[in-house]
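Worksheet: one structure, shown below.
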Amino acid sequence: MLNLTLEQLHLSLDAQLAPDGIPLRYGDLEAEYQAALNQAVLLDRSHEGRLKIAGEDRFDFLNRMSTNNMLNMRIGEGRATVFTNPNARILQRVVAYNLPDYTLLLTEPGQAESLESFLTKQVFFNDKVTIENITAETNQFTIHGITADEIMLESQIALQGLSSTEAKINGHSVIIGRNKPLQGSNWFIIPLRYEAVAVYQQVLDMGKKYGLKPAGSLTYNALRIRSGRPAGRELSQDYIPLEVGLFDEISFNKGCYTGQEIIARMESRAQLARVLVHLDLDKFVEAPADIDHNGRVIGRLTSSFIAPDQSIVALGVIKTQHANSGESVTINGIDAVVGEYAGQHPPYLETKQVAK
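Last residue of the sequence shown: number 365 in our numbering, and the count goes up by one each step with no gaps.
The structure is reproduced here in structure tokens:
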């Protein structure tokens, strides 16, 4: 097994691969999804980017560039933050982990090179900061589920909250950490590329007695939308972080960063024009699509997916006055109902129950 490439290992486990080599699904998609909901699943998320930010000025650098307070991070601590443009629109979202010699940035899929280019252009001549894209030389696996913590304890790893550590799995050096949960707990494991097959196989073996199954991007997409985590179209220059459930990734007590004035003004007025919500659709509608109420466009369907259990999961950004749980809307002529707010919203927003 150790002589296989990672793609060959996935294929030996009955995977269907996307063009980038990331598994879309394995043999029994329904069983895979049920394992995600009731036990745990192991995913290859190597297309998510990984950057090392080193140098003594790295915290000040990240702090002046993004929405969260990136100062005074303890060793191992993680914080999610957002890079915005002068109009406070989203450029990139990352989760940063403070390791002993550098800060590790985890990006959205396919965003490593663009984030590297963006950050490199922001380094001043006297900044003691280096930026290294380690995506190509590493892989990234994630474990999602209610038994994920027990699986990681098999390697004597116990972490709380957003946190990370350098560790070993079966003698192989890895970075292990916890990220925001989608279902149960969410762990990531980052090995060097030449050790990835051995680490992946070892993790699968550790998780057997806890019901761990390999899973692909189809299951991940269902979990992501179901949990209300913004991604893809939601993390774009169409939106401001407060509008898409990223309230907890913004500090309102820190120094200046690009876009701060607009975000601070929105918060001080305790008003949002739009908000991210769950949507219950009668029939599947592919995103993006307009959301209508009484013949008027009130928002945009941003994510939609038919989950492996045939349920429809969907997210949309709509005008706040229509973000009432139970309110009826239409999307491409299909009836839909507004659900609860998605993500982490400001405390001044309260979902209003409306009679169906």
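Here a beta-carbon is modelled for each residue, glycine too, at the ideal position from N, C-alpha and C.
Residue i burial status per 10 Å Cβ neighbour count (16 or more: buried)
i    : result
P356 : exposed
N12  : exposed
Q362 : Here Q362 scores only 37 on pLDDT, less than 50, and its place in the model should not be relied on; the value that follows carries that caveat. Exposed, since its Cβ has fewer than 16 Cβ neighbours within 10 Å.
P95  : exposed
G352 : buried
F150 : buried
K365 : In this prediction, K365 has a pLDDT of 37, which is less than 50 and means its spatial position is unreliable; nothing more can be read from the coordinates.
D318 : exposed
M10  : Per-residue confidence for M10 stands at a pLDDT of 48, beneath the threshold of 50, marking its modelled position as unreliable; the derived number appears in the next sentence. Under this definition M10 is an exposed residue.
N135 : exposed
P250 : buried
G342 : exposed
A24  : buried
Host beta strand (DSSP E) of residue i (start-end)
i    : result
E125 : Counting along the chain, E125 falls outside any beta strand (DSSP E), though it belongs to the alpha helix (DSSP H) covering 121-130.
Minimum C-alpha distance to residue i - residue among the options
i    : options                : result
Q246 : D29, A63, V91          : V91
L115 : E41, I84, F197, G342   : F197
I199 : Q192, G193, V212       : V212
M161 : P118, I184, M215       : M215
Y248 : Y209, Q280, L285       : L285
I405 : R309, S337, E252, F293 : There is no way to answer for residue 405, as the model of the chain reaches only from 10 to 365.
D257 : D23, R102, P32, L33    : R102
A145 : S194, Q43, S123, L201  : L201
I143 : S334, F314, S55        : S55
V322 : E57, G348, H331        : G348
Y42  : N195, D291, G30, N230  : N230
Continuous alpha helix (DSSP H) stretch holding residue i: start and end
i    : result
R202 : Looking at the DSSP string, R202 is not in any alpha helix (DSSP H), and its letter there is neither H nor E.
L228 : Before going further, note that residue 228 is Thr rather than Leu in the sequence given. It spans 226-236 - the alpha helix (DSSP H) in which T228 sits, taken as one unbroken run.
D158 : 157-162
A298 : No alpha helix (DSSP H) holds A298; the beta strand (DSSP E) holding it covers 298-302.
Anticipated Cβ contact below 8 Å, residue i with residue j, distance rounded
i    : j    : result
L310 : A298 : 4 Å
I300 : I327 : 6 Å
N107 : E86  : 5 Å
L113 : A105 : 7 Å
V138 : I178 : Not quite, the Cβ-Cβ distance comes to about 31 Å (not below 8 Å), so this is no contact.
L290 : I340 : 7 Å
P28  : G225 : No, P28 and G225 are not in contact; Cβ-Cβ is about 13 Å, not under 8 Å.
A205 : L22  : So it is not a contact: roughly 14 Å between Cβ atoms.
The stretch 212-230 contacting the stretch 48-62, beta-carbon criterion three pairs below 8 Å: With the cut-off at 8 Å, the stretch 212-230 and the stretch 48-62 touch.
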